[in-house]
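In terms of our numbering, the sequence shown has 69 at position 68, counting the first letter as 1, and numbering is strictly consecutive.
Where a beta carbon is used, it is the ideal one built from N, C-alpha and C, also for glycine.
All remarks here apply to the structure that follows.
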Amino acid sequence: MQFDAEFRRFGLSRSNLPTFDGFIRLLEEIHKLDGSSFTVAYTDPEGDLLPITNNENFAMALSVARPLLRVFIHRKGEVEFVLYHTRDV
2 MQFDAEFRRF GLSRSNLPTF DGFIRLLEEI HKLDGSSFTV AYTDPEGDLL PITNNENFAM
62 ALSVARPLLR VFIHRKGEVE FVLYHTRDV
């Protein structure tokens, strides 16, 4: 996971995964992002950068995590997802 060129690794139990909102709260806590507007994305197996904006996107991201899920956190406006809608988090 990267934010401001900072890399962090942490584990999630596959048997007790959070919802998208819980995952966002975890990221806010780990990176001290309270009040910051940011977007979250992951790389799929083809190397495309895809947004994580809801439970469905989060589940898709987790389904391709073999063995790791690479997550990228960007300040809102730093990265544009041309075909995908991002929401304020």
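Item: N- and C-terminal bounds of the alpha helix (DSSP H) containing Ala62; Value: 56–64
Item: Alpha carbon of Arg26 to alpha carbon of His75, nearest angstrom; Value: 15 Å
Item: Segments of 3+ residues assigned as beta strand (DSSP E) that fall wholly inside the region 7–45; Value: 39–44
Item: Member of Phe11, Gly23, Tyr43, Ser37 whose CA lies at the smallest distance from the CA of Ala66; Value: Tyr43
Item: Under 8 Å between C-beta atoms of Phe59 and Phe11; Value: no
Item: Segment limits, beta strand (DSSP E) that includes Ile74; Value: 72–76
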